[in-house]
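Below you'll find the structure, written out as structure tokens, and then a few comments.
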Amino acid sequence: MPSFSARGSPHKQQQYQRRRQEIRQQRKSLPIASVEKRLVDEARKNDTLIIVGETGSGKTTQLPQFLYDGGFCQDGKVIGITQPRRVAAQTVAKRVAEECNDQLGRKVGYSIRFDDSTSNATRIKYMTDGLLLREALLDPLLSKYSVIVVDEAHERTVHTDVLLGLLKKVQHSRANASKNGKTLPDVLGHSQNLTQKSCQGSRCAPLKLIIMSASLDAKCFSDYFGGAKAVHVQGRQYPVDILYTYQPEPDYLDATLVTIFQIHLEEGPGDILAFLTGQEEIESLERLIYERARLLPPESSKIWVTPIYSSLPSEQQMNAFKSAPAGTRKVVLATNIAETSVTITGIKYVIDPGMVKARAYNPVTGMESLIIIPVSKAQALQRSGRAGREGPGKCFRLFQESEFDKLVDSTVPEIKRCNLSNVVLQLKALGIDDIIDPVGHQMARLPLDPMYSKALIVSSELKCLEEMLIVVSMLSVESIFFSPREKLEEARAARKGFESSEGDHITLVNVYRAAAECLEKSKNANAKEKTMEKALNRWCRENFINHRSLKHAFDVHSQIQGHVQQMGLNLSSCGDDMVLFRRCLTAAFFLNAAMRQPDGSYRALATGQSVQTHPSSVLFRTKPDCVIFNELVRTTQNYIKNLTRIDPLWLAELAPQYYATED
Ligand SMILES: Nc1ncnc2c1ncn2[C@@H]1O[C@H](COP(=O)(O)OP(=O)(O)OP(=O)(O)O)[C@@H](O)[C@H]1O
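Counting along the sequence shown from 1, when you hit position 345 you're at 344 in numbering that gives the first Met the number 0, and nothing is skipped either side.
Structural data, given as structure tokens:
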């Protein structure tokens with residue numbers, strides 16, 4: 000493996016050497032460093048191992064490197080480490096690649112949905128747990144992996160839980176095969192033709208499984224894996240002082256604002272990380288911080304607010320990981336996506352109001368919604384663990400100590416509080432349930448929500464798969480339209496050019512086609528790739544389209560197109576017949592239909608819930624009688640987003656099993 004050295008000026012060389020030295024020192028000082036040999040030995044001896052160690056002890060970044068050095072990647076095998084969140088997989092992989100003195104995507108890489116930064120050379124692979132589940136569909140024995148490390152297992156996301164069940168099965172099959180001296184192709188038989196090349200003909204080695212967390216109920220996991228061995232890693236690198244409020248805080252947003260300024264004005268240098276429950280809270284707090292900072296004397300007004308939440312384009316998410324300019328204090332406003340695994344440069348102070356937005360599923364109405372609830376002790380611990388990673392830190396909990404004692408130990412597993420359609424499909428497709436419906440199997444292989452996968456299959460039958468592919472790609476990325484505050488009117492006017500009076504889906508198709516046409520034009524003019532890229536960039540700027548989201552949509556489009564072609568679906572277009580396309584949208588999304596009520600609100604037909612059209616929809620003002628929608632967001636009200644006008648009679652015609660009534 001090549002290592003890198005700095006070329007150029009002696010100054011650069013020095014800087015580079017200093018950085019390498021810093022990293023070596025830092026790694027050595029981690030608590031986990033002193034137990035490297037023991038952990039590798041335990042991993043050799045035990046097929047399943049549970050590792051519990053405090054936040055910041057070095058589990059996520061170091062263990063995979065110990066295993067690599069311990070020989071677990073011989074024969075080209077890979078160590079896979081799963082994370083519940085994309086941002087953790089991305090940032091931790093970057094850090095570990097740097098620690099290994101290698102480029103990201105070579106020895107160390109990450110793979111998350113629609114973003115793969117790995118190569119054939121990758122041996123340490125960070126990924127989301129959902130991604131590994133999908134890989135298991137293509138390679139049921141996960142044959143390229145020697146070890147799977149399930150990190151942050153305490154989070155108990157649906158994907159983690161399903162993955163643990165699946166890994167137990169995979170371990171069993173590989174252990175059996177290994178005992179019988181079989182090779183992987185023997186075990187896979189003829190039912191799967193997707194064996195990993197690297198394993199062909201090699202002995203089927205057992206799969207090692209390591210489950211890690213800072214706050215794990217080790218016994219429950221150990222029991223599940225037949226009394227698996229648990230190892231505790233003692234100690235943390237730096238202390239974190241925990242402070243509580245004397246009184247209950249009636250308004251946690253206001254209390255967060257006050258605490259940010261208290262820290263800013265009274266504490267020493269160091270950046271602040273505050274946990275909020277969602278985008279709206281983050282945006283309004285960001286505004287309030289800047290407003291208040293303006294009232295301070297110039298020498299203390301230097302604050303840089305950087306938000307991080309899941310629907311923020313990932314380029315902007317990464318801003319939170321950058322250092323603030325000298326003399327400026329960085330304030331990161333985050334949802335719980337920054338709660339586990341990540342290390343954010345500069346953070347010394349953490350503010351934890353103790354609340355989180357969580358998914359809740361009502362099996363009676365069939366509706367999934369997001370509600371704000373108190374965090375669990377495990378979550379509070381993780382949040383405080385984001386301080387004290389580069390030096391001693393402080394965590395301000397905006398509740399009383401007595402309240403902390405009342406928190407539940409760990410969050411109710413997500414599997415108990417969400418809509419399980421996706422998981423059930425995946426499980427069925429993985430053969431965990433006997434009944435594998437051929438459509439379900441096809442759907443589970445697409446990296447999409449079941450409703451979108453079904454939409455593609457339906458649209459292929461109705462001959463408008465091309466248009467549906469565009470819609471699904473555009474809905475799979477962050478916001479396509481871009482409205483800078485200072486140019487709202489111009490942005491609105493530009494958007495008008497794409498708008499369809501039939502709704503948002505066709506509007507998205509119009510944007511995609513116009514962008515594709517712009518690319519086509521420069522291609523016809525024999526432009527080089529760079530020039531084409533520039534032309535598209537300019538086009539996006541002129542039309543107030545988010546260039547990154549659009550490129551992402553192109554990328555998603557080509558990936559899904561590859562899948563649907565493999566599935567043998569008919570890639571036809573309905574051309575300009577938008578009635579046909581709206582009928583197709585109805586057939587696909589009939590479960591999300593809503594009728595206008597006399598007061599201008601809507602009623603979701605499947606659930607009877609009262610909902611409003613979202614202001615971002617092109618149908619916000621026209622308010623047609625009947626619509627289908629793609630998203631229900633609950634903020635101050637229930638809003639439906641991404642709408643298309645439909646004829647209510649189509650519902651009974653196209654989804655008679657659901658809507659046909661006697662009259
Ligand atoms: N991107 C980074 N930049 C600087 N230091 C980092 C970075 N990532 C990790 N570190 C350092 O490595 C230490 C260990 O991080 P690591 O994520 O391995 O710990 P962990 O035990 O997995 O913690 P957690 O349970 O909180 O994820 C951090 O406390 C920090 O000092």
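Ideal Cβ placement from N, Cα and C applies to all residues, glycine included.
> Straight-line CA distance for Asn192 to Ala174?
Replying inline: By one-based count along the sequence shown, residue 192 stands at place 193. By one-based count along the sequence shown, residue 174 stands at place 175. Reliability of the predicted coordinates at Asn192 is poor, the pLDDT of 38 falling under 50, and no value is obtained from them.
>> Let me make sure I understand the geometry here. Which of Lys329, Thr90, Phe580 has the alpha-carbon closest to that of Ser499?
In response: Taking the sequence shown and counting its residues from 1, one reaches residue 499 at position 500. Of the candidates Lys329, Thr90, Phe580, the one whose C-alpha sits nearest the C-alpha of Ser499 is Phe580.
> Do the region 605-612 and the region 494-512 make contact, defined as three or more Cβ pairs closer than 8 Å?
Replying inline: Proximity of the region 605-612 to the region 494-512 falls short of the contact definition, fewer than three beta-carbon pairs being nearer than 8 Å.
>> Quick check on Ile645: does DSSP put it in helix, strand or coil?
In response: For the purposes of this step, residue 645 is identified with residue 646 of the sequence shown, where counting begins at 1. Coil at Ile645, not helix or strand.
> Val510: buried (16+ other C-beta within 10 angstroms of its C-beta) or exposed?
Replying inline: Along the sequence shown, one-based indexing puts residue 510 at 511. So Val510 counts as buried.
> Hey, Ile307 and Ile336 are a contact pair by Cβ (cut 8 Å); roughly how many whole angstroms apart?
Replying inline: By 1-based counting over the sequence shown, the position of residue 307 is 308. By 1-based counting over the sequence shown, the position of residue 336 is 337. Rounded, the Cβ-Cβ distance is 7 Å, consistent with contact.
>> Taking 8 Å as the cut-off, is the C-beta of Thr664 nearer than that to any heavy atom in ligand 1?
In response: Absent from the model: residue 664. The displayed extent of the chain is 0 to 662, so no value can be given.
> Per DSSP, Thr127 forms a beta bridge with which residues?
Replying inline: Locating residue 127 in the sequence shown gives position 128, counting from the first residue. For Thr127, which the question treats as bridged, DSSP gives the partners Gln82.
> Could you name the residues, in chain order, whose CB is less than 5 Å away from a heavy atom belonging to ligand 1?
Replying inline: Thr54, Gly55, Ser56, Gly57, Lys58, Thr59, Thr60, Arg94, Ala213, Ser340, Thr342, Gly384, Arg388
> Are three or more beta carbon pairs between the region 346-360 and the region 377-391 nearer than 8 Å?
Replying inline: yes
>> Excluding the 5 residues flanking Leu648 on each side, which residues of the same chain have their C-beta closer than 7 Å to its C-beta?
In response: Looking up residue 648 in the sequence shown gives position 649. If we look at Leu648 and ignore the five residues flanking it on each side, it has no Cβ neighbours.
> Is Glu35 near Gln73, with beta carbons less than 9 Å apart?
Replying inline: As a first step, residue 35 is located in the sequence shown; it is residue number 36 there, counting from the start. As a first step, residue 73 is located in the sequence shown; it is residue number 74 there, counting from the start. No, the Cβ-Cβ distance between Glu35 and Gln73 is not below 9 Å.
> Should the region 620-638 be called in touch with the region 562-575, which here means at least 3 C-beta pairs below 8 Å?
Replying inline: A contact is defined here as three or more CB-CB pairs under 8 Å, and the region 620-638 fails this definition with respect to the region 562-575.
>> Classify Arg122: buried if its beta carbon has 16 or more other beta carbons within 10 angstroms, exposed otherwise.
In response: For the purposes of this step, residue 122 is identified with residue 123 of the sequence shown, where counting begins at 1. Per the 10 Å Cβ criterion, buried.
> Short check: CB of Pro224 to CB of Lys168, under 9 Å?
Replying inline: Sequence index remark: in the sequence shown, residue 224 carries index 225 (1-based). Sequence index remark: in the sequence shown, residue 168 carries index 169 (1-based). Note that residue 224 corresponds to Phe in the displayed sequence, not to Pro. No; because the gap between Cβ atoms is not below 9 Å, this pair is not in contact.
> Looking only at its own chain, which residues have a Cβ that is under 6 Å from the Cβ of Arg235, when we skip the five neighbours before and after it?
Replying inline: Taking the first residue of the sequence shown as position 1, residue 235 is located at position 236. The residues are Glu53, Gly55, Ser56.
> Counting only runs that start and end within the region 128-169, where is the alpha helix (DSSP H) found for 4 or more residues in a row?
Replying inline: 128-137
>> For the region 589-603 against the region 483-493, do three or more pairs of beta-carbon atoms, one drawn from each stretch, fall closer than 8 Å, so that the two count as touching?
In response: Contact fails: fewer than three Cβ-Cβ distances are below 8 Å.
> Could you give the distance in angstroms between the alpha-carbon of Ile50 and the alpha-carbon of Pro449?
Replying inline: Taking the sequence shown and counting its residues from 1, one reaches residue 50 at position 51. Taking the sequence shown and counting its residues from 1, one reaches residue 449 at position 450. Whole-angstrom Cα-Cα distance: 35 Å.
> Between Arg328, Val330, Thr334, Pro297, which lies nearest to Leu310 when the distance is taken from Cα to Cα?
Replying inline: For the purposes of this step, residue 310 is identified with residue 311 of the sequence shown, where counting begins at 1. Reading off the sequence, residue 310 comes out as Ser, not Leu. Ser310 has its Cα closest to that of Thr334, out of Arg328, Val330, Thr334, Pro297.
>> Classify Pro83: buried if its beta carbon has 16 or more other beta carbons within 10 angstroms, exposed otherwise.
In response: Stepping through the sequence shown from its first residue, residue 83 is reached at position 84. With 16 or more other Cβ atoms within 10 Å, it is buried.
>> For a quick check, are the C-beta atoms of Gly392 and Gly269 less than 9 Å apart?
In response: To locate residue 392, count along the sequence shown from 1; it is residue 393. To locate residue 269, count along the sequence shown from 1; it is residue 270. Going by C-beta atoms, Gly392 is nearer than 9 Å to Gly269.
> Can at least three beta-carbon pairs, one atom from the region 531-544 and one from the region 461-478, be found at a separation below 8 Å?
Replying inline: no
>> Using CA atoms only, rank isn't needed, just tell me which of Gly353, Ser116, Arg396, Leu642 is closest to Thr244.
In response: Here the question's residue 244 lines up with position 245 in the sequence shown. Nearest option by C-alpha distance: Arg396.
>> Beta-carbon within less than 6 Å of Ala654's beta-carbon, same chain only, minus the 5 sequence neighbours each way: which residues are those?
In response: Translated into positions along the sequence shown, residue 654 becomes position 655. Only Phe589 meet the Cβ criterion.
> What are the partner residues of Asp351, as DSSP defines its beta bridges?
Replying inline: Mapped onto the sequence shown, residue 351 falls at position 352. Its beta-bridge partners are Arg396.
> Going by DSSP, what residues sit across from Leu445 in a beta bridge?
Replying inline: Locating residue 445 in the sequence shown gives position 446, counting from the first residue. Secondary-structure assignment with DSSP links Leu445 through no beta bridge to anything.
> For His10, is the classification buried or exposed, using 16 other Cβ atoms within 10 angstroms of its Cβ as the cut-off for buried?
Replying inline: To locate residue 10, count along the sequence shown from 1; it is residue 11. Residue environment for His10: exposed (fewer than 16 other C-beta atoms within 10 angstroms of its C-beta).
> In chain order, what residues of the same chain have a beta carbon less than 8 Å from the beta carbon of Leu287, not counting five sequence neighbours either side?
Replying inline: Here the question's residue 287 lines up with position 288 in the sequence shown. The answer, listed in chain order, is Leu256.
> If we ignore side chains and look at the alpha-carbon of each, how far apart do Ala87 and Thr344 end up?
Replying inline: Taking the first residue of the sequence shown as 1, we reach residue 87 at position 88. Taking the first residue of the sequence shown as 1, we reach residue 344 at position 345. Spanning the two alpha carbons is a distance of roughly 14 Å.
> Does DSSP put His189 in a helix, a strand or coil?
Replying inline: For the purposes of this step, residue 189 is identified with residue 190 of the sequence shown, where counting begins at 1. Reliability fails at His189, whose pLDDT of 36 lies under 50, so the model's placement of it is uncertain and the value that follows must be treated cautiously. His189: coil per DSSP, three-state reduction.
> From Glu338 to Ser322, what distance separates their C-alpha atoms?
Replying inline: Walking along the sequence shown from the start, residue 338 turns up at place 339. Walking along the sequence shown from the start, residue 322 turns up at place 323. Approximately 19 Å, taken between the alpha carbons.
> Roughly how many angstroms separate the alpha carbons of Ala593 and Leu131, rounded to a whole number?
Replying inline: As a first step, residue 593 is located in the sequence shown; it is residue number 594 there, counting from the start. As a first step, residue 131 is located in the sequence shown; it is residue number 132 there, counting from the start. Straight-line Cα distance between these residues: approximately 36 Å.
> Checking contacts by CB at 9 Å: is Pro449 closer than that to chain D?
Replying inline: The chain inventory of the structure shown lacks chain D, comprising one protein chain alone.
> Any idea what DSSP makes of Tyr638, helix, strand or coil?
Replying inline: Taking the first residue of the sequence shown as 1, we reach residue 638 at position 639. Of the three classes helix, strand and coil, the one that applies to Tyr638 here is strand, per DSSP.
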